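Let me begin by presenting the structure, written as structure tokens, before commenting on it.
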Amino acid sequence: MKNQENIELVVNGESLTRTVDHRRNLVDFIRYDLELTGTHVGCEHGVCGACTILVDGKPVRGCLMFAVQANGCEITTLEGIPTTGKAQKLREAFAKRNALQCGFCTPGMMTSALDYVQNDGDPSEDKIRKHLSGNYCRCTGYQSIIEAIQDVISEGA
Amino acid sequence: MSGPKFSFDKPNQYIGQNEIRSDTKKLLHGRGKFVDDLKLPRMLHAAFYRSPLPHAKIKSIDATQAKQHKGVIEVLSGKDLINIVKPYVGVLSHLAGLKSAPQMPMATDVALWQGEPIAMVIAQSRAIAEDALNLIEVDLEELEPIASTEAALSNLDQLIHPELKTNLAWERTVDIGDVDGIFNDPDNIIVERDFIFGRHTGVTLEARCTIANYDASTEELEIFYSGQAPHMMQYIYAKHLGLREERVRVISQDVGGAFGIKVHTYGDEIATAAASVLLGRPVKYVADRYESFVSDIHARDHTVKAKMAISKLGDLLAIDFDDVTGIGPYSMYPRTSAIEANQVLNLTGAPYVLPNYRANSKVVLQNKNMMCQYRAVGHPIAMAICDCLLDDAARKIHMDPVEIRRKNLMADDSYPRKSASGMQLDDLSHHQCLDKLIDLMNYEQLKSNRDKLRTSGVYRGIGFVSMVEVTNPSPMFYGVGGAPIASQDGATIRLDAGGAVHVASSITEQGQGTNAIMAQIAAGVFGVSLDRVHVTTGDTRITPYGGGTWASRGAGIGGEATLQAAKLLKGQVLDVASVMLQTSSKELDILDGNIVDADSLNIRMSLSDLARTVYYRGNELPSDLKPELVASHHYRVTDTPFVFTNGAMAAHVEVDIETGMVKILNFWAVEDCGRVINPMLVDEQIRGGVVQGIGSALYEECLYSEDGQLLNPTMADYLVPMASEMPNIIVGHVETPTKTSELGAKGAGEAGTGGAPAAIINAVNDALKPLSKSIWQIPITPDRLLTALNS
Chain A
1 MKNQENIELV VNGESLTRTV DHRRNLVDFI RYDLELTGTH VGCEHGVCGA CTILVDGKPV
61 RGCLMFAVQA NGCEITTLEG IPTTGKAQKL REAFAKRNAL QCGFCTPGMM TSALDYVQND
121 GDPSEDKIRK HLSGNYCRCT GYQSIIEAIQ DVISEGA
Chain B
1001 MSGPKFSFDK PNQYIGQNEI RSDTKKLLHG RGKFVDDLKL PRMLHAAFYR SPLPHAKIKS
1061 IDATQAKQHK GVIEVLSGKD LINIVKPYVG VLSHLAGLKS APQMPMATDV ALWQGEPIAM
1121 VIAQSRAIAE DALNLIEVDL EELEPIASTE AALSNLDQLI HPELKTNLAW ERTVDIGDVD
1181 GIFNDPDNII VERDFIFGRH TGVTLEARCT IANYDASTEE LEIFYSGQAP HMMQYIYAKH
1241 LGLREERVRV ISQDVGGAFG IKVHTYGDEI ATAAASVLLG RPVKYVADRY ESFVSDIHAR
1301 DHTVKAKMAI SKLGDLLAID FDDVTGIGPY SMYPRTSAIE ANQVLNLTGA PYVLPNYRAN
1361 SKVVLQNKNM MCQYRAVGHP IAMAICDCLL DDAARKIHMD PVEIRRKNLM ADDSYPRKSA
1421 SGMQLDDLSH HQCLDKLIDL MNYEQLKSNR DKLRTSGVYR GIGFVSMVEV TNPSPMFYGV
1481 GGAPIASQDG ATIRLDAGGA VHVASSITEQ GQGTNAIMAQ IAAGVFGVSL DRVHVTTGDT
1541 RITPYGGGTW ASRGAGIGGE ATLQAAKLLK GQVLDVASVM LQTSSKELDI LDGNIVDADS
1601 LNIRMSLSDL ARTVYYRGNE LPSDLKPELV ASHHYRVTDT PFVFTNGAMA AHVEVDIETG
1661 MVKILNFWAV EDCGRVINPM LVDEQIRGGV VQGIGSALYE ECLYSEDGQL LNPTMADYLV
1721 PMASEMPNII VGHVETPTKT SELGAKGAGE AGTGGAPAAI INAVNDALKP LSKSIWQIPI
1781 TPDRLLTALN S
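Protein sequences, first through last, are from chains A and B. Under the working numbering, read the first sequence as residues 1 to 157, first letter to last. Under the working numbering, read the second sequence as residues 1001 to 1791, first letter to last.
Structure representation (structure tokens):
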């Protein structure tokens, strides 16, 4: 039985063709096959959000999708999040607010936060907290992350 | 307030400033270097077969099929490691009488907890290794598990380790004053409660992971370590694998959270190193989340029967309690699993004047995962016993919880003095912290709102805690008992040819901001701008020798070493400058990368000019001038066993008596960690700590069945605090620098986790006061709360 598949996809703007095992999940493909280790693995069952990446512009859990399912998709990881515009403002706000300690949740947090600010997310603390409720951070206490997102929203308003 | 011996307010000074950590850049661009990000040539991958049973005799292991599986290099059982690994025993001599049994990285004859490694597969990939695990045939004979501490203590014909002849690993009693006399006096007010503190665990987002890389040609073992104490692990790998210590290099780069979980010796990590030694190839092991839950150390697990006596006027007279804690089948190596109980006895009542104190703690072996030191070791139990009973007693005499604290907290001008248990206390500020807390929270308004809402069936409560926290430990913590754990730390600081400064520190970084604060201290004290300081931590071959990061010791101990090393380097540079400029060194200073006139601050020469002259054109210097431009300093706490930190916190909650849900409306924390080096980093340490404390108070618990099976080893079933449930946490500071060092810094990492559970219990019980109900078990789950309401 065939257990591999050829896939074509765009990752951080680069067109790629790869052969992957059917059982290879997307985050392992990104980390180990493409060596883009900025995306992290926390729980492997879609709870912690560390592996959140953008697939066709939408935040997706990299551990809940197989690499073969990404055939034809456009993927953005933390390494590919632009260094301009709102994305860069978010990076700067994260640094300024110390919205990360160990940095292990950061790829998922940044991705979820970027999705929020790019889709004109509401600056209310409550709404931001709900939006981030699928991203686990053990270090910060969350408040600095919320404040960083609020900074970017208020700056863009 | 004791004053500093050093001025921190001169120009280009960074101590006390909210500087952005330079490490955030790489982490925000996906360029961190965590262990699992590394790929070494010819690297293999390990996976473990773990005991599915909490207590089982290993009758046979047949790995024939697994070994034949394509891509499998080797399968090893516990017995295969007998000739390679020397067993370890988690006892220390200063914890007199502590018993544990020799432990191997993988079980050899009997598996003693569900999750204990029994065999390992080493293969070309992790996926192949896991495939092969299913092909190992392990024949286990189920033995009766001893899960509860009651069963372990009462059932003496069932022993975890028959050779120990007991399941009681350790016991300590403290007895000060006339406790019985106080409790027998009918004039005194007595409250008595049974507390249960659930088992929980660290849930670091990055699971434990290691790469071991043994080179047989040089007999060198390189370990990439996601952990807190590289030098301790260097000793342990050398000792237990029979290698020369100097040929073991432990490297700790980015670490995805630790919280005390990653400061212990784990069998799977030792077995991975043993496999690398056997195979002469790099071997990587990364725990998956199930493995984290069944093998990362668990924390707490205490049942406490406690009582308190106060006078009718609210004077604290006596505390008496019996604590039983379950530690799993072994005392963890090398820190032991008795330190937690020891701290409970040492810290209970420590903020208060407590003339009579009796306490007993029993540390019990059982067939569950091991329990050991996790953030705020023993603190949440100690703080809850005293502060929750204090509120209980205050309710009984209708005294405000703030008033009873003001009445009994040690006076801020009464130090140095000792706690009831004999701990030496100094430079504490309980009253200042409480006053600041009351201001921050607008207490009177809050109370009046609470009382108004009670009339309309809304149950809100306010809860307080005053804390003492163990930080900056001296050799009396571990070294005194024979542990290979340094209490001193070192910093080496050098000036490079370009005028930049390089600091190597034995403190490690797990996100607290170690690298950032070392840079802030060095930059300001030496005299360069912050971006000209580069800090290296976490490499036993490069940094000075030291203990690493645990027990909130990084800033206080490692920071002082960096401060003193920076002063030494400054002295050296000024000596060279005085010769080159023909000026007394007393008339010179270093400011923003230049040698300047001390009075006028006029620039005389740049540091790079000086350094390039020394390094390239030594011919221009007198031949008897032999500049080093590198200085080292090591520092340990000598005055006291610990440098205690203090603080006060308050929680404001609303209890839904229909659903049993507790909503945290507000949380305030005022902490006195002495000199604050970077307020933004300290605030985030406090907040993160509070959230972990809230987790243990309301959500987190390792749930075991009666027969010792962990029922919730996934992140879907084990609840951790997420953004949506957490409140904003308002942080305030009082700064009373410790007199034990020039820097004056104490630790800030334990506060939130140590105190939040007591504040939450008190707030919930305050909310339930109109219903005359209360709860004494954490986590306070909706189910438990409804049971308490219906009792």
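C-beta atoms are modelled at their ideal positions from N, C-alpha and C, and glycine is treated no differently. All values reported here derive from a predicted model rather than from experimental measurement.
| Asked | Found |
| --- | --- |
| Name the chain B residues whose beta carbon is nearer than 7 Å to that of I136/A? | Checking the sequence shown, residue 136/A turns out to be Tyr, not Ile. L1205, V1720, M1722, listed in chain order. |
| Return the chain-ordered list of same chain residues with a C-beta closer than 7 Å to the C-beta of E79/A, the five sequence neighbours on each side being excluded. | N12, L36, G38 |
| If we call anything under 9 Å between Cβ atoms a contact, is V1501/B one with F1526/B? | yes |
| Between R1289/B and chain A, is there a C-beta pair that is closer than 9 Å? | yes |
| Per DSSP, W1000/B forms a beta bridge with which residues? | Any property of residue 1000/B remains undetermined from this structure, which presents chain B solely from 1001 to 1791. |
| Look up I1507/B in the DSSP assignment and say whether it is helix, strand or coil. | coil |
| Specify the secondary structure class of S1002/B as computed by DSSP and reduced to three states. | The predicted model places S1002/B with a pLDDT of 40, which falls under 50 and marks its position as unreliable, so this point remains unresolved. |
| Taking just the CA atoms, how far does P1727/B sit from I1189/B? | 36 Å |
| In three-state terms, what does DSSP make of V1111/B? | It is Ala, not Val, that sits at residue 1111/B in the sequence shown. Three-state DSSP puts A1111/B in a strand. |
| Could you please give the first and the last residue of the uninterrupted beta strand (DSSP E) stretch that includes R1050/B? | 1044-1050 |
| Just the C-alpha distance for G72/A and V10/A, rounded to the nearest angstrom, thanks. | 7 Å |
| Tell me, please, whether the CB atom of G1559/B is closer than 9 Å to any CB atom in chain A? | no |
| Whose C-alpha, out of V1324/B, A1056/B, R1172/B, A1046/B, is nearest the C-alpha of R1126/B? | A1046/B |
| Between E1019/B and L1446/B, what straight-line distance do the alpha-carbon atoms span, to the nearest angstrom? | 35 Å |
| Using a C-beta cutoff of 9 Å, does R1636/B count as contacting chain A? | no |
| If P1754/B and H1379/B are in contact, beta carbons under 8 Å, what's the gap, nearest whole angstrom? | A small fix is needed here, since residue 1754/B is Gly in this sequence, not Pro. 3 Å between Cβ atoms; contact. |
| Less than 8 Å between the CB atoms is what I'm expecting for G1674/B and K1586/B, so what's the real figure, rounded? | Not really, about 30 Å apart at Cβ, beyond 8 Å. |
| Along the alpha helix (DSSP H) that carries A95/A, what are the first and last residues, could you check? | 85-96 |
| Which one or two residues does DSSP pair with Q1103/B in a beta bridge? | Y1088/B |
| Express the C-alpha separation of P1782/B and C1433/B in angstroms, rounding to a whole number. | 32 Å |
| Against Q143/A, what residues of chain B qualify as contacts under a CB-to-CB distance less than 7 Å, listed in chain order? | R1687, N1728, I1729 |
| Rounded to whole angstroms, how far is the Cβ of A1350/B from the Cβ of M1423/B, which I believe are closer than 8 Å? | 6 Å |
| Going along the chain, which residues of its own chain have a beta-carbon closer than 7 Å to the beta-carbon of P206/A, five neighbours each way excluded? | An answer regarding residue 206/A cannot be provided, because it is not within the stretch 1 to 157 covered by chain A. |
| Does the beta-carbon of S1002/B have 16 or more other beta-carbons within 10 angstroms, so that it is buried, or is it exposed? | In this prediction, S1002/B has a pLDDT of 40, which is less than 50 and means its spatial position is unreliable; what the coordinates show is noted afterwards. Answer is exposed; the Cβ neighbour count stays below 16. |
| Taking just the CA atoms, how far does G1326/B sit from P1004/B? | Confidence at P1004/B is low in this model, with a pLDDT of 41, below 50, so its placement is unreliable and no value can be given for it. |
| Is it the case that the region 1668-1686 of chain B contacts the region 1335-1354 of chain B, given that we only count it when at least three CB pairs across the two stretches are under 8 Å? | no |
| For N6/A, count the other beta carbons within 10 Å of its own beta carbon; 16 or more makes it buried, fewer makes it exposed. Which is it? | exposed |
| Which class does C1209/B belong to by DSSP, given the choice of helix, strand or coil? | strand |
| Identify which residue in K1026/B, N1356/B, I1397/B, Q1582/B has its Cα closest to the Cα of G1181/B. | N1356/B |
| Residues in the region 75-104 of chain A with C-beta within 7 Å of chain B's C-beta atoms, listed in sequence order? | T77, L78, E79, R91, F94, A95, K96, N98, L100, Q101, C102, G103, F104 |
| Is the region 1302-1321 of chain B in contact with the region 1060-1076 of chain B, if contact means three or more CB pairs nearer than 8 Å? | no |
| Could you name the residues of the region 1032-1043 of chain B whose beta carbon sits closer than 8 Å to any beta carbon of chain A, in the order they occur along the chain? | G1032, F1034, D1036, D1037, K1039 |
| Would you please state the rounded distance, in angstroms, between the beta carbons of V1091/B and S1331/B? I believe it to be under 8 Å. | 6 Å |
| Which residue from D1717/B, N1134/B, M1232/B puts its Cα closest to that of A1066/B? | N1134/B |
| Does the count of Cβ pairs from the region 1530-1547 of chain B and the region 1496-1510 of chain B closer than 8 Å reach three? | yes |
| For T19/A, is the classification buried or exposed, using 16 other Cβ atoms within 10 angstroms of its Cβ as the cut-off for buried? | exposed |
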